[in-house]
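Residue numbers (my numbering), protein chains in the order written: chain A, 223 to 763; chain B, 516 to 822; chain C, 24 to 349. C-beta atoms are modelled at their ideal positions from N, C-alpha and C, and glycine is treated no differently.
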Amino acid sequence: MRITTHASWAVCAMALALATAGCGGGGGGSGDSEAVLSASWGDPQNPLEPSNTNEVQGGKVLDMIFRGLKRYDPETGEAQDMLAEKIETSDSQNFAITVKDGWTFSNGEKVTAQSFVDAWNYGASLRNNQRNAYFFGYIEGYDQVHPEEGEQTADTLSGLKVTGERTFTVKLTQKFSTFPDTLGYNAFAPLPRAFFDDHDAWVKKPVGNGPYLVESYTRGSQMSLRKWDDYPGDDKAENGGVDLKVYTDNNTAYTDLLAGNLDLVDDVPAAQLKNVKNDLGDRYLNTPAGIIQTLAFPFYDPAWNTEGAKKVRQGLSMAIDRKQITDTIFQETRTPATDWTSPVLGEDGGFQDGLCGEFCEFKPDEAKKLIEEGGGLPGGKVTITFNADTGSHREWVNAVCNSINNALDNERACTANPVGTFADFRNQITDRKMTGPFRAGWQMDYPLIQNFLQPLYYTNASSNDGKWSNKQFDDLVNQANQETDTAKAIDLFQQAEEVVRDNMAAIPLWYQNGSAGWSDRLSNVKLNPFSVPVYNEIKVS
Amino acid sequence: MGRYVVRRLLQMIPVFIGATLLIFLMVNVMGDPIAGLCGERQCDPATAARLEQEFGLDKPVWQQYLTYMGNLFTGDFGTAFNGQEVTELMATAFPVTIRLTLIAILFEIVIGVTLGVVTGLRRGRPVDTGVLLLTLVVISVPTFVTGLLFQLLLGVKWGWIRPSVSSEAPFDELILPGLVLASVSLAYVTRLTRTSIAENRRSDYVRTAVAKGLPRRRVVVRHLLRNSLIPVVTFIGADIGFLMGGAIVTERIFNIHGVGYQLYQGILRQNTQTVVGFVTVLVLVFLVANLVVDLLYAVLDPRIRYV
Amino acid sequence: MSDRPDEPEAAVAGTSMGGAMDLGVDEAETLEKVPAGPDGAGPEDRPRSLWSDAWRDLRRNPVFIVSALVILFLVFISLWPSAITSGSPLKCDLSKAQEGSQPGHPFGFDGQGCDVYTRTVYGARTSVAVGVLATLGVAVLGSVLGALAGFFGGLSDSILSRITDVFFAIPVVLGGLVLLSVITSNTVWPVIGFIVLLGWPQISRIARGAVITAKQNDYVQAARALGASNSRLLLRHIAPNAVAPVIVVATIALGTYIALEATLSYLGVGLKPPSVSWGIDISSASPYIRNAPHALLWPSGALAITVLAFIMLGDAVRDALDPKLR
Numbered sequence: 223m224r225i226t227t228h229a230s231w232a233v234c235a236m237a238l239a240l241a242t243a244g245c246g247g248g249g250g251g252s253g254d255s256e257a258v259l260s261a262s263w264g265d266p267q268n269p270l271e272p273s274n275t276n277e278v279q280g281g282k283v284l285d286m287i288f289r290g291l292k293r294y295d296p297e298t299g300e301a302q303d304m305l306a307e308k309i310e311t312s313d314s315q316n317f318a319i320t321v322k323d324g325w326t327f328s329n330g331e332k333v334t335a336q337s338f339v340d341a342w343n344y345g346a347s348l349r350n351n352q353r354n355a356y357f358f359g360y361i362e363g364y365d366q367v368h369p370e371e372g373e374q375t376a377d378t379l380s381g382l383k384v385t386g387e388r389t390f391t392v393k394l395t396q397k398f399s400t401f402p403d404t405l406g407y408n409a410f411a412p413l414p415r416a417f418f419d420d421h422d423a424w425v426k427k428p429v430g431n432g433p434y435l436v437e438s439y440t441r442g443s444q445m446s447l448r449k450w451d452d453y454p455g456d457d458k459a460e461n462g463g464v465d466l467k468v469y470t471d472n473n474t475a476y477t478d479l480l481a482g483n484l485d486l487v488d489d490v491p492a493a494q495l496k497n498v499k500n501d502l503g504d505r506y507l508n509t510p511a512g513i514i515q516t517l518a519f520p521f522y523d524p525a526w527n528t529e530g531a532k533k534v535r536q537g538l539s540m541a542i543d544r545k546q547i548t549d550t551i552f553q554e555t556r557t558p559a560t561d562w563t564s565p566v567l568g569e570d571g572g573f574q575d576g577l578c579g580e581f582c583e584f585k586p587d588e589a590k591k592l593i594e595e596g597g598g599l600p601g602g603k604v605t606i607t608f609n610a611d612t613g614s615h616r617e618w619v620n621a622v623c624n625s626i627n628n629a630l631d632n633e634r635a636c637t638a639n640p641v642g643t644f645a646d647f648r649n650q651i652t653d654r655k656m657t658g659p660f661r662a663g664w665q666m667d668y669p670l671i672q673n674f675l676q677p678l679y680y681t682n683a684s685s686n687d688g689k690w691s692n693k694q695f696d697d698l699v700n701q702a703n704q705e706t707d708t709a710k711a712i713d714l715f716q717q718a719e720e721v722v723r724d725n726m727a728a729i730p731l732w733y734q735n736g737s738a739g740w741s742d743r744l745s746n747v748k749l750n751p752f753s754v755p756v757y758n759e760i761k762v763s
Numbered sequence: 516m517g518r519y520v521v522r523r524l525l526q527m528i529p530v531f532i533g534a535t536l537l538i539f540l541m542v543n544v545m546g547d548p549i550a551g552l553c554g555e556r557q558c559d560p561a562t563a564a565r566l567e568q569e570f571g572l573d574k575p576v577w578q579q580y581l582t583y584m585g586n587l588f589t590g591d592f593g594t595a596f597n598g599q600e601v602t603e604l605m606a607t608a609f610p611v612t613i614r615l616t617l618i619a620i621l622f623e624i625v626i627g628v629t630l631g632v633v634t635g636l637r638r639g640r641p642v643d644t645g646v647l648l649l650t651l652v653v654i655s656v657p658t659f660v661t662g663l664l665f666q667l668l669l670g671v672k673w674g675w676i677r678p679s680v681s682s683e684a685p686f687d688e689l690i691l692p693g694l695v696l697a698s699v700s701l702a703y704v705t706r707l708t709r710t711s712i713a714e715n716r717r718s719d720y721v722r723t724a725v726a727k728g729l730p731r732r733r734v735v736v737r738h739l740l741r742n743s744l745i746p747v748v749t750f751i752g753a754d755i756g757f758l759m760g761g762a763i764v765t766e767r768i769f770n771i772h773g774v775g776y777q778l779y780q781g782i783l784r785q786n787t788q789t790v791v792g793f794v795t796v797l798v799l800v801f802l803v804a805n806l807v808v809d810l811l812y813a814v815l816d817p818r819i820r821y822v
Numbered sequence: 024m025s026d027r028p029d030e031p032e033a034a035v036a037g038t039s040m041g042g043a044m045d046l047g048v049d050e051a052e053t054l055e056k057v058p059a060g061p062d063g064a065g066p067e068d069r070p071r072s073l074w075s076d077a078w079r080d081l082r083r084n085p086v087f088i089v090s091a092l093v094i095l096f097l098v099f100i101s102l103w104p105s106a107i108t109s110g111s112p113l114k115c116d117l118s119k120a121q122e123g124s125q126p127g128h129p130f131g132f133d134g135q136g137c138d139v140y141t142r143t144v145y146g147a148r149t150s151v152a153v154g155v156l157a158t159l160g161v162a163v164l165g166s167v168l169g170a171l172a173g174f175f176g177g178l179s180d181s182i183l184s185r186i187t188d189v190f191f192a193i194p195v196v197l198g199g200l201v202l203l204s205v206i207t208s209n210t211v212w213p214v215i216g217f218i219v220l221l222g223w224p225q226i227s228r229i230a231r232g233a234v235i236t237a238k239q240n241d242y243v244q245a246a247r248a249l250g251a252s253n254s255r256l257l258l259r260h261i262a263p264n265a266v267a268p269v270i271v272v273a274t275i276a277l278g279t280y281i282a283l284e285a286t287l288s289y290l291g292v293g294l295k296p297p298s299v300s301w302g303i304d305i306s307s308a309s310p311y312i313r314n315a316p317h318a319l320l321w322p323s324g325a326l327a328i329t330v331l332a333f334i335m336l337g338d339a340v341r342d343a344l345d346p347k348l349r
């Protein structure tokens, strides 16, 4: 008990020091426009530092308490200047960035060029164990700050230079024309001095520059965020605050929404989709998000790395009745995939409807024929490996297997192979232990076609879980990155995507939508292309 | 008595060390947890190595265990992967689970013993048969089915209760989860009390008391019940540890942020520190509860003397 | 004759795993209510063994007959599921997902469009296999270790008892989550192995108590005086008289192991496809409880009846073996 008392005392002290909400208060005002809503949440996996958060739940909070140089438009996903006054470059390699005037952190400290440079140096430094360090990998000096092995020989990135209170320059190791558009990602957020001066206290109660501030945070249970009245941006919160409540099971969260104990659920479980219309009427949203589910293959396994295996992969792809699965299991909250990107990119951004062609259509007879031509399934059967601890993976993997079995007329051709924990699943991937196709999901970091291709299919890229490698693809991606003309760059990326298609490097399954349901207290609920609710625009009555 | 307690406490030491070592090894079998920390991508090797070093995973298991135990004696239960101190997690989780366990035990005592007495006194009557059958059914249906059904019917369909528990987890919200958690044990308590009552009813001292013309109520409460409760107390005492550790399923269904929830999270994330820490405390609770139960024997049954 | 199934001490010892932790040999006797052995048999015209006595009792006990019939039926369909089904449990048609009962498919379809009736019938095999094999393993390991501890006493007893306590102290479901979360095999063996690993102390304690009681009988002392070897004493004289309580607890435990398998599957660490088990089906149907309750209720019902049958059988056997109730 002593520990609790102590902790809450510390929280109080913080609150007083920041001259924000009083201690012990909690709860929102009643009746006025300052009403607080409650929303479902999951316990963030890593400490809530911007360069340490790589999953949606932590991302939700960062999205509320931070604003970076760029922000992705909640509707179109387009990268727009937020704190950036201008980002200039003449060669796509050296960038001069000017930070807007008048921005402060919620503790009153000014947001300066130094705030960004310090944050990025912190994120890149090997010493700090930041999970997102590789985002700074293009910046010059990264290999000294974050060597692949051994001790780091520098503490700061040599490519970052503060040139004035509000200006700094970035030098990259290579041309990267769309670099400015990546700056909306959380890892690039600025950090206040408080973060460095008293790190423990900051992590307990983060301070940022976004429209909300953290009022209290009970680890593993609840975080209360309140509107920051003096927020300088024009996307001020239109509600009094958000109470994020941790749910272990999204079914329970949905049940709580129905019972009136929760205002907003941003992940309606597959099992409840059938009831949503009935339960919520029009208090339900289902919009495309930048997520694609694919099946990756272990190309390090000789059985899957042959010319014949390509036909087997194509055959398997044609044996999957995507339409029926998305209709039945997901109640149309997912759309059968016909390329390897996402519709949220838009045609201009590089999305190509139907690129996959007939290989993504359900043709059981041809599937059977192709697999036979390719020498049959390696060992006579395939197992689809997935992690069973989150999401509704079990349902769709079973359905995919049943679809393959029915197409091949062999009820033991495909079996689902659940792995108990995500960590173990990742371990098996990292240790190259896969023997057949496995679940690969990709949620974009930023809405660029580059983000759907390079991390997943470039030789030895961080998320190239199947270790696919193709020189032609790599060359096209390199060319595209160096291209300063956006349209030409996208065209090159699309050519690279065709290489992926011709080899069926991964079987595209479906584009995932974001879905949300809410109580009748709320209005103007939207999901951004990352399937995160746009909290600050929600109105509470 | 004093010597007995000391002997028991001394015997706890090897059991405690053994149990923690066992759970430590088990968690270790789960493998490398680092890969799960980097999302859908491979951790870069340098960061992974740093993380392993930070969490002490680069050392051999026996060394990890010794370090862990050493820290434990200074009150340091380590840090979870998301930077939270395990003691901090315990401070929020244990009060919730203790409340839940208290409610469950209350149900066991009130409902279980009452039903047991009623059926024990009316052996063979319809009420006895009915309750017996009911207890069998309760024992046979897995807790998660009961829990889900109750949640759907009472929480959603009829709206009598909150279908889940808020993060403060006050007593009134824990009533249904407590009942679900207690259900199986409750059935056992009923049967145990029934047997015990039925057995003792035929004993000489009860016959004497009845012959003396004592009121029936007094006979039942003072003579019969007191003597029949010994095995029941043992059972309930030993049940404490199991209720606390076994609440994983119940806590998951009703979204209770207690020990079971933290353990489940810890296991999914292969978070050694959380899992070992919580289990260590549970083992302690179990050992102490057992000791207390054995001491209670002496209080309830004067025939037993510890030396 | 003894009445209904009752007296749950054995069931209690079975689940609570608690009780007299260590009161030393003498107290253990007074506390662990162990059936007293053959000398408890009533005076009769011709000598009858405990077993023939028990069998006479059981044959007349309706509870025993009913539960035994249910179990025989379960064993039968585990061996020959095709005798009462024509379909395959792995044949699923998504277009029929969640549909209710219809001709030829009396239990309807689950979320994947698999026939619930066929899957329920085939699920019996796994559940019975897990129950029976795990119980066998637990009974063998537990009674050997328990008997050794009880027979030799002294230091070996202390050591074995402490080891028993160690395994006892680990919460079962928790241990299952930890150990089974990383198992990749899709057979029933990991689940059985896990149950044996954490289940044996329960039997071990019972066996230890029973052996201690039996050890002090006059005929054992006599055999010892005649120079019988330890192994002969243990196997010929003590074991036959100490095995009854073990059987009773094991039968009841069998039911709880079947339920445990389902719980582990619900938590996502139990059996894996293409195994067909009630646990898997219950767990995958539980999110759909609102739309397709039938897919949840049939396997749950089958599971409950099976567990019930074994517990009732254990109850009846205990009644028959416990002379105090005659």
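Beta-carbon neighbours of residue i, restricted to chain B and to distances below 8 Å
i: Asp452 of chain A; result: By Cβ distance, chain B contributes nothing, its closest Cβ being about 29 Å from Asp452 of chain A, past 8 Å.
i: Val153 of chain C; result: Those do not exist, as Val153 of chain C stays about 14 Å from chain B at its closest Cβ, beyond 8 Å.
Close Cβ partners of residue i (< 8 Å) along its chain, the five nearest in sequence each way excluded
i: Val139 of chain C; result: His128, Phe130, Gly131, Phe132, Asp133, Asp304, His317, Ala318, Trp321, Pro322
i: Tyr680 of chain A; result: Asn686, Phe695, Asp696, Val699
Assigned exposure category for residue i - 16 Cβ within 10 Å defines buried
i: Thr187 of chain C; result: buried
i: Leu806 of chain B; result: buried
i: Ala33 of chain C; result: The predicted position of Ala33 of chain C is uncertain, since its pLDDT is 36 and thus under 50; no value can be drawn from it.
beta-carbon residue i near the ligand GTP non-hydrogen atom, thresh 7 Å
i: Val774 of chain B; result: Here there are no bound small molecules, and the ligand GTP is not part of this structure.
Proximal residues of chain B, C-beta to C-beta of residue i below 9 Å
i: Leu8 of chain C; result: Residue numbering for chain C in the displayed model covers 24 to 349; residue 8 of chain C lies beyond these limits and cannot be assessed.
i: Ala481 of chain A; result: Gly670, Val671, Gly674, Ile676, Arg677, Pro678, Ser679
Reduced DSSP category for residue i - H, G, I as helix; E, B as strand; rest coil
i: Gly280 of chain A; result: helix
i: Gly639 of chain B; result: coil
i: Thr326 of chain A; result: strand
i: Glu720 of chain A; result: helix
i: Met545 of chain B; result: coil
Length of the line joining the Cα atoms of residue i and residue j
i: Leu552 of chain B; j: Ser745 of chain A; result: 35 Å
i: Lys458 of chain A; j: Asn758 of chain A; result: 7 Å
i: Gln366 of chain A; j: Asp559 of chain B; result: 15 Å
i: Asn479 of chain B; j: Val151 of chain C; result: Lying outside 516 to 822, the shown extent of chain B, residue 479 of chain B is not represented and no answer is given.
Residues near residue i by beta carbon distance below 6 Å, same chain, minus five either side
i: Tyr776 of chain B; result: Glu766
i: Ala697 of chain B; result: Ala619, Phe622, Glu623
Residue i: contacting residues in chain A (beta-carbon distance under 9 Å)
i: Arg142 of chain C; result: Going along chain A, no residue has its Cβ under 9 Å from Arg142 of chain C, so there is no contact; the nearest lies around 12 Å.
i: Pro194 of chain C; result: Residues of chain A passing the Cβ test: none, with the nearest at roughly 18 Å.
Chain C residues whose Cβ lies nearer than 8 Å to that of residue i
i: Thr637 of chain A; result: Asn209, Pro296, Pro297
Under 7 Å from the C-beta of residue i: neighbouring residues of chain B
i: Asn268 of chain A; result: Leu552, Phe596, Asn597
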